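Working notes, beginning with the structure itself.
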Amino acid sequence: MILASGLRKSFGSFEAVRGIDVDVRRGESFGFLGPNGAGKSSTMRMVAAVSPVSGGTLRILGLDPATDGPEIRARIGVCPQEDTLDTELTVRDNLVVYGRYFGLPRAEVRERADELLEFVQLTDKAGAKVEDLSGGMKRRLTIARSLVNRPELLLLDEPTTGLDPQARHVVWDRLFRLKQQGVTLVLTTHYMDEAEQLTDRLVVMDKGLIVAEGSPLALIAEHSTREVAELRFGVAEEGESHEVLARKVEDLAERVEVLPDRLLLYTADGEETVAQVHERGLTPVATLVRRSTLEDVFLRLTGRTLVD
Amino acid sequence: MALVSVAVGRSAARPLGAGEATGLLLYRNYLAYRRAWYIFLTGFLEPVFYLFSIGVGVGQLVTGFEFNGHEIPYAEFVAPGMLATSAMNGAVLDATFNFFFKLKYNKLFDQLLATPLTTADIARGELSWSLLRGGIYSAGFLVVMVAMGLASSWWALLAVPAALLIGLCFGALGMALTTYMRSWQDFEWVNLAMMPMFLFSATFFPLSAYPTGVAWVVEATPLYRGVVLCRELTTGTLSWASAVSVVYLVVLGAVGLALVRRRLDALLLT
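Listed below in structure tokens is the structure:
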């Protein structure tokens, strides 16, 4: 569906995407994961055939976006990062008019619009103005709109950013249903739970490059341990800095990470590690043993430094 | 419920032809304006008021007026000027403020580019809408003129297509300039260009009132070409020189449209 090799995008002297290879297959759900500024959106815009490629090759549905932009766009659905709903039209007209841009006949688009409003639970809002919708409703409408042409490939750029938990779960549920119906989904996100829930395979991007690739589980297995023991120390240990404490336990775990408020011990068996810590006479005030998540992988690969 | 599979008998999405795309963008704008028809009205009324105040009112103080060798009443001189102005107003209003809103705030064009539509489709569609608005204003104004007995020739019917040429020229140039605007404040420049054109393009007094050098400058402005063309039509004094105005307006419009497309590419397809 998407085949990229050595794909690059630069804006003046700034290189947003610095040579990536991607192969998305039909029916799979593929994720681009990365911090802000990693090059995810630039990649998505190139795939959506609205951003000329600066280098490398890119084929979407076997077509070249430089020459076949309209043909490609006719067959894909795009849900951009910022809603681009037509605020001057009603909710239903947003779908009807948008569908007509794809050359679909009026009667068919109308039927389709009602079907999609039902799908994203906006049927009662059909006659409302777009401005009167909540953030979650707008997002659902944008998703509905991206489906109007029955796309073979659906591109979602940060589909749930800025939504409250309820709205996120509704969106996830709808996307999951689409996935079950065999739509190829490609999404970008910086939410780990979203990536774990929705993608079969993902790449982690950082500073314009792909730094890891695989299924969520494989990435966790490869870049993290099975469990993580989080230790918080109280006032008693105040005299000793976290660094000193870390040195005392570093041989107990594969990797120890020092945070301002706690130590993270990456280990195969968290309970046992905590027991060993206690045996050494250390008394953390709180301990938490949890499974490694994609978030651990993500932070390991892209660092904890704030990116804006 | 098969939401995505292409069932038998369903039409497949496809890129649109240029005419079809333009029609759809006109339809979209029609839907958006349906609720705001009164905005439409104010742009139409302005030149009508000027016609009554200056053409008819001041006209009572002005006796005999000569145009292309014919003696005409002053109101008949001013009216075609206002006709051209209404075409300009209609086109520029959409091509500047509304175009800017769609480009920067409503993100309409970003939305359109997620569909098979192209920047050329957008440029053509938006220009056609400006043209349509300018054309409606002019047709309405012509009705007012005829009702007041200010059109003395059947050629006046051709003033509507002439007004469309004015709309083409101003719409395309307005859109092209708008792509360079950074904020609403920049639109003061549009007013600064339109106001003097409106007042000095031989709308209220003939070119002979100017010294030669100034007259040349005025003759080179698009509104002057439009005003003269409309006046020649409504008074039935057409000549081969009228063709100059037609060619001028068409060329300027075509250049503007090409520029709009290139600017949209640069702004939207990044």
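Chains as they are written, first to last, in the working numbering: chain B, 22 to 329; chain G, 81 to 350.
Glycine included, each C-beta is placed from N, C-alpha and C at the ideal position.
Computed from a prediction, not measured in an experiment: that's the story for all the values here.
Three-state secondary structure (DSSP) of residue i
i: T308/B; result: strand
i: D174/G; result: helix
i: S325/G; result: helix
i: H244/B; result: helix
i: E36/B; result: strand
i: F123/B; result: coil
i: M81/G; result: Confidence at M81/G is low in this model, with a pLDDT of 48, below 50, so the placement of that residue should be treated as unreliable; the coordinate-derived value is given next. If DSSP states are grouped into helix, strand and coil, M81/G belongs with coil.
i: M274/G; result: helix
i: T259/G; result: coil
i: K182/G; result: helix
i: F147/G; result: strand
i: S50/B; result: strand
i: M22/B; result: coil
i: L303/B; result: coil
i: G89/G; result: For G89/G, the predicted model reports a pLDDT of 47, less than 50, meaning its position is unreliable; a value from the coordinates is still stated below. Note: G89/G maps to coil in three-state DSSP.
i: L175/B; result: strand
i: R94/G; result: coil
i: E234/B; result: strand
i: D104/B; result: coil
Check: residue i C-beta below 8 Å from any heavy atom of the ligand GDP
i: F35/B; result: This structure lacks the ligand GDP; in fact it carries no ligand of any kind.
Min CB distance residue i to chain B below 9 Å
i: R262/G; result: no
i: D190/G; result: yes
i: T350/G; result: yes
i: S394/G; result: For chain G, the structure presents residues 81 to 350; residue 394/G sits outside this window and is missing.
i: L193/G; result: yes
i: N148/G; result: no
i: E100/G; result: yes
i: S210/G; result: no
i: P241/G; result: no
i: P95/G; result: yes
i: V88/G; result: Low local confidence applies: a pLDDT of 43 at V88/G is under 50, so the model's placement there is unreliable, and no value is given.
i: P160/G; result: no
i: L329/G; result: no
i: K187/G; result: yes
Chain G within 9 Å of residue i, Cβ atoms only
i: Y119/B; result: yes
i: N170/B; result: yes
i: L28/B; result: no
i: Y212/B; result: no
i: P180/B; result: no
i: V192/B; result: no
i: E36/B; result: no
i: V17/B; result: Because chain B here runs from 22 to 329, residue 17/B falls outside it and cannot be looked at.
i: E129/B; result: yes
i: V68/B; result: no
i: A149/B; result: no
i: D329/B; result: Model confidence at D329/B stands at a pLDDT of 49, short of 50, so the residue's coordinates are unreliable; what they give is reported in the following sentence. Chain G, which has no Cβ nearer than 9 Å to the Cβ of D329/B, makes this no.
Status (buried if at least 16 other CB within 10 Å, exposed otherwise) for residue i
i: A92/G; result: exposed
i: D42/B; result: exposed
i: Q191/G; result: buried
i: R262/G; result: exposed
i: V297/G; result: exposed
i: F51/B; result: buried
i: A37/B; result: buried
i: Y110/G; result: exposed
i: I216/G; result: buried
i: A289/G; result: exposed
i: P127/G; result: buried
i: L219/B; result: buried
N- and C-terminal bounds of the alpha helix (DSSP H) containing residue i
i: R80/B; result: It is not in any alpha helix (DSSP H) - R80/B instead sits in the beta strand (DSSP E) that spans G76 to I81.
i: F120/G; result: W117 to Y130
i: M213/B; result: M213 to L219
i: D227/B; result: Not the alpha helix (DSSP H): D227/B falls in the beta strand (DSSP E), residues R222 to D227.
i: Y287/B; result: Where Y287/B is concerned, there is no enclosing alpha helix (DSSP H), although the beta strand (DSSP E) it sits in stretches over L284 to T288.
i: V277/B; result: From DSSP, V277/B is part of no alpha helix (DSSP H) but of the beta strand (DSSP E) over R276 to V279.
i: D201/G; result: T199 to A227
Below-9 Å beta-carbon distance, residue i vs any chain C residue
i: R161/B; result: Although the question refers to chain C, the structure presented lacks it and instead comprises the protein chains B and G.
Terminal residues of the beta strand (DSSP E) in which residue i lies
i: H150/G; result: H150 to I152
i: D272/B; result: Premise fails: D272/B is in no beta strand (DSSP E) and is neither H nor E.
i: V99/B; result: I97 to C100
i: L206/B; result: T205 to T210
Count the CB pairs spanning the segment 177-192 of chain G and the segment 249-260 of chain G that are closer than 8 Å, and state whether there are at least three. The answer is yes - the segment 249-260 of chain G touches the segment 177-192 of chain G, with three or more Cβ pairs under 8 Å.
Pair every Cβ in the segment 145-154 of chain B with every Cβ in the segment 169-186 of chain B, then say whether three or more of these pairs are closer than 8 Å. No, the segment 145-154 of chain B does not touch the segment 169-186 of chain B.
Do the segment 198-215 of chain G and the segment 98-110 of chain G make contact, defined as three or more Cβ pairs closer than 8 Å? Contact check between the segment 198-215 of chain G and the segment 98-110 of chain G: three or more CB pairs, one atom from each, fall below 8 Å, which counts as touching.
With a cut-off of 8 Å, do at least 3 Cβ pairs link the segment 149-160 of chain G to the segment 221-235 of chain G? In this structure the segment 149-160 of chain G touches the segment 221-235 of chain G; the number of beta carbon pairs closer than 8 Å is three or more.
The segment 329-339 of chain G contacting the segment 236-247 of chain G, beta-carbon criterion three pairs below 8 Å: With contact defined as three or more Cβ pairs closer than 8 Å, the segment 329-339 of chain G and the segment 236-247 of chain G are in contact.
Give a yes or no on contact between the segment 119-130 of chain B and the segment 79-92 of chain B, applying the rule of three or more CB pairs nearer than 8 Å. No contact exists between the segment 119-130 of chain B and the segment 79-92 of chain B.
Count the CB pairs spanning the segment 73-84 of chain B and the segment 243-253 of chain B that are closer than 8 Å, and state whether there are at least three. Short answer: they don't touch.
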